[in-house]
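Enquirer: Before I ask anything, let me first share the structure, which is written out below as structure tokens.
There are 2 protein chains.
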Amino acid sequence: MSRSLKAATASSPISKERLRLWLKLLKTSSLVEDEIRRRLRRDLNSTLPRFDVMSALARSQDGLKMSEISKRLRVSNGNITGIVDKLTEEGLALRVAVPGDRRASLVCLTPKGRTVFAQHAEIHESWIDEILGGLNADDIEGMIRRLDHLTLKLEEKVSDGQ
Amino acid sequence: MSRSLKAATASSPISKERLRLWLKLLKTSSLVEDEIRRRLRRDLNSTLPRFDVMSALARSQDGLKMSEISKRLRVSNGNITGIVDKLTEEGLALRVAVPGDRRASLVCLTPKGRTVFAQHAEIHESWIDEILGGLNADDIEGMIRRLDHLTLKLEEKVSDGQ
DNA sequence: ATTAAAATATTCAAGCTTGAAATAGTTTCG
DNA sequence: CGAAACTATTTCAAGCTTGAATATTTTAAT
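Laid out in structure tokens, this is it:
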């Protein structure tokens, strides 16, 4: 209740079209995302956030600080704490002390964690391949170009480092 | 742990491209969605699921059964129960008994609910207009065409009534 | 050096989400 | 009729998510 709430001006035709685009974008994305979440749960006994954290860790050579993970995934710090706790309990990740800084720790995948993620990543890619299987190279290229354009515009608005 | 887990075959170049498309689609969508959630909370003291439920109710003349809401929004029944409970507590919605069927009830917006949603919807549209403001009519039309194409392919895969 | 400010991570309450199980009502059909 | 199947909804445990509050450590300013 703290902001200006500038009055919404009468909606123009282009405004309606932008809204229509957003609703379609959201629907499409949710359709895929929900299916991936379902499969992660049913087939791999995992979840999307866990997959995302492991994916970030797998890409890094020397581990990531908690805050680096949360920045990359654009989620809160407290969120990452819980997920890394779980991964650690299961022997998939661990926290390593940082020599110069007693506040922080580097989170790494264990060898087991790397093995498990490699399997999951391969299966995940095959799912996407199946789900988006109706699209040929031109479809894909066209979509990617549009999305890059949109994201560029977006990142000017929504401040987003990286 | 119940499914076949057919081995993921060696990933082809087009498979990698599909994955790249999916990651971009997810990122773009999340960027907008997160911003909308933030604004709903900060400026309107509300949430996206509440907005979605009210939106569905506002579009219906005579109210919707719980199961109709959950089918339209593609979320679980139990989920809708909680959200409608909250809306009801706040005097924005109410459950009306269905004459012929004592199991079901029709959920409707109260007059107050309609007023509040009308305001929120207008502000929501102005947000989208602002966030997607960098896109002109051609950009929008191009994206929408691509998304329609993708969604069509998708709905063949992911069973999705409606 | 002392203090203030910034950075790092955790804890917590509130809410969303799911799928499974439980309740209760309705329909089918033998 | 009465059992079985089906439908509508709610309850619940487990997990995700946020933002605020807290604790601890480090850095910067005087």
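So the sequences go chain by chain: A and B. Numbered per the numbering used here, the first sequence spans residues 1 to 162. Numbered per the numbering used here, the second sequence spans residues 1001 to 1162. Glycine included, every Cβ here is placed at the ideal spot set by N, Cα and C. Keep in mind it's a predicted model, so treat the numbers as computed, not measured.
Sort A/121, A/102 and A/41 by Cα distance to residue 65 of chain A and report the nearest one.
Expert: As a position in the first sequence, residue 65 of chain A is number 65, starting the count at 1. The residue with the shortest Cα to Cα distance from residue 65 of chain A is A/102.
Enquirer: Quick one: using the 10 Å Cβ neighbour count with 16 as the cut-off for buried, is residue 1096 of chain B buried or exposed?
Expert: As a working note, residue 1096 of chain B is residue 96 in the second sequence. By the neighbour-count rule (16 or more Cβ atoms within 10 Å), residue 1096 of chain B is not buried but exposed.
Enquirer: Compare the C-alpha of residue 75 of chain A against each of A/89, A/50, A/111 and A/94 and name the closest.
Expert: Counted from its first residue, the first sequence places residue 75 of chain A at position 75. When only C-alpha atoms are compared, the closest one is A/50.
Enquirer: Cβ of residue 978 of chain B less than 8 Å from any chain A Cβ?
Expert: A question about residue 978 of chain B goes unanswered here, because the residues of chain B that appear run from 1001 up to 1162.
Enquirer: With DSSP collapsed to three states, give me the class of residue 107 of chain A.
Expert: Position 107 of the first sequence, counted from the first residue, corresponds to residue 107 of chain A. Residue 107 of chain A: strand per DSSP, three-state reduction.
Enquirer: At a threshold of 7 Å, does residue 50 of chain A count as lining the ligand FAD (C-beta to nearest heavy atom)?
Expert: Ligands are entirely absent from the displayed structure, and the ligand FAD is therefore not among its contents.
Enquirer: Mind checking whether residue 57 of chain A and residue 104 of chain A have CB atoms under 8 Å apart?
Expert: Within the first sequence, residue 57 of chain A is the residue found at index 57, counting from 1. Within the first sequence, residue 104 of chain A is the residue found at index 104, counting from 1. Taking 8 Å as the Cβ cut-off, residue 57 of chain A and residue 104 of chain A do not qualify as a contacting pair.
Enquirer: In whole angstroms, give me the CA-to-CA distance for residue 60 of chain A and residue 72 of chain A.
Expert: The count along the first sequence starts at 1 and reaches residue 60 of chain A at position 60. The count along the first sequence starts at 1 and reaches residue 72 of chain A at position 72. Spanning the two alpha carbons is a distance of roughly 12 Å.
Enquirer: Within the same chain, show all residues whose beta-carbon is closer than 6 Å to that of residue 1037 of chain B, passing over the 5 residues directly before and after it, in chain order.
Expert: As a working note, residue 1037 of chain B is residue 37 in the second sequence. Counting only Cβ-Cβ distances below 6 Å, and skipping sequence neighbours, we find 1048.
Enquirer: Closer than 8 Å, CB to CB, is residue 47 of chain A near chain B or not?
Expert: Numbered from its first residue, the first sequence carries residue 47 of chain A at position 47. Cβ-Cβ to chain B under 8 Å: no for residue 47 of chain A.
Enquirer: Shorter than 8 Å from the beta carbon of residue 17 of chain A to some beta carbon of chain B?
Expert: Counting from one through the first sequence, the residue named residue 17 of chain A turns up at place 17. Chain B contact via Cβ: present.
Enquirer: Under a Cβ-count criterion, where at least 16 other Cβ atoms within 10 Å of its own Cβ denotes burial, should residue 1107 of chain B be classed as buried or exposed?
Expert: Position 107 of the second sequence holds residue 1107 of chain B. With 16 or more Cβ atoms within 10 Å of its Cβ, residue 1107 of chain B is classed as buried.
Enquirer: Going straight from the alpha carbon of residue 1021 of chain B to that of residue 1029 of chain B, what length do you get?
Expert: For the purposes of this step, residue 1021 of chain B is taken as the residue at position 21 of the second sequence. For the purposes of this step, residue 1029 of chain B is taken as the residue at position 29 of the second sequence. Cα to Cα, residue 1021 of chain B sits roughly 12 Å from residue 1029 of chain B.
Enquirer: Grab the span of the alpha helix (DSSP H) containing residue 1087 of chain B for me, first residue to last.
Expert: By one-based count along the second sequence, residue 1087 of chain B stands at place 87. Note, residue 1087 of chain B: alpha helix (DSSP H), 1077–1089.
Enquirer: Taking C-beta to C-beta, are residue 170 of chain A and residue 44 of chain A nearer than 8 Å?
Expert: Only positions 1 to 162 of chain A appear in this structure, which leaves residue 170 of chain A out of reach.
Enquirer: Could you work out which residue in A/52, A/133 and A/91 is closest to residue 113 of chain A when comparing CA atoms only?
Expert: The residue given as residue 113 of chain A occupies position 113 in the first sequence. Nearest of A/52, A/133 and A/91 to residue 113 of chain A, Cα basis: A/91.
Enquirer: Note down, in chain order, each residue of its chain lying with its Cβ closer than 8 Å to the Cβ of residue 62 of chain A, except the 5 sequence neighbours on either side.
Expert: By 1-based counting over the first sequence, the position of residue 62 of chain A is 62. Only 106 and 108 meet the Cβ criterion.
Enquirer: Taking C-alpha atoms, which residue in A/140, A/147, A/152 and A/100 lies nearest to residue 1014 of chain B?
Expert: One-based indexing of the second sequence puts residue 1014 of chain B at position 14. Of the listed residues, the one whose Cα sits closest to residue 1014 of chain B is A/140.
Enquirer: Can you tell me the Cα-Cα spacing of residue 1135 of chain B and residue 155 of chain A, whole angstroms?
Expert: Counting from one through the second sequence, the residue named residue 1135 of chain B turns up at place 135. Counting from one through the first sequence, the residue named residue 155 of chain A turns up at place 155. If you take the alpha carbons of residue 1135 of chain B and residue 155 of chain A, they lie about 13 Å apart.
Enquirer: Rounding to the nearest angstrom, what Cα-Cα distance links residue 145 of chain A and residue 1025 of chain B in this structure?
Expert: For the purposes of this step, residue 145 of chain A is taken as the residue at position 145 of the first sequence. For the purposes of this step, residue 1025 of chain B is taken as the residue at position 25 of the second sequence. In this structure, the alpha-carbon of residue 145 of chain A lies about 11 Å from that of residue 1025 of chain B.
Enquirer: Any C-beta of chain B sitting closer than 8 Å to the C-beta of residue 92 of chain A?
Expert: By one-based count along the first sequence, residue 92 of chain A stands at place 92. No, residue 92 of chain A does not count as interfacial toward chain B.
Enquirer: What are the start and end residues of the beta strand (DSSP E) that includes residue 1132 of chain B?
Expert: Here residue 1132 of chain B refers to the residue found at position 132 when the second sequence is read from its first residue. Taken as a continuous stretch (DSSP letters only), residue 1132 of chain B belongs to no beta strand (DSSP E), as it is neither H nor E.
Enquirer: Per DSSP, what kind of secondary structure is residue 1094 of chain B in: helix, strand or coil?
Expert: Numbered from its first residue, the second sequence carries residue 1094 of chain B at position 94. Strand.
Enquirer: Give me the residue from A/143, A/98 and A/52 with the minimum Cα distance to residue 83 of chain A.
Expert: The sequence position of residue 83 of chain A within the first sequence is 83, counting from 1. Selected option, being the one with the closest Cα: A/52.
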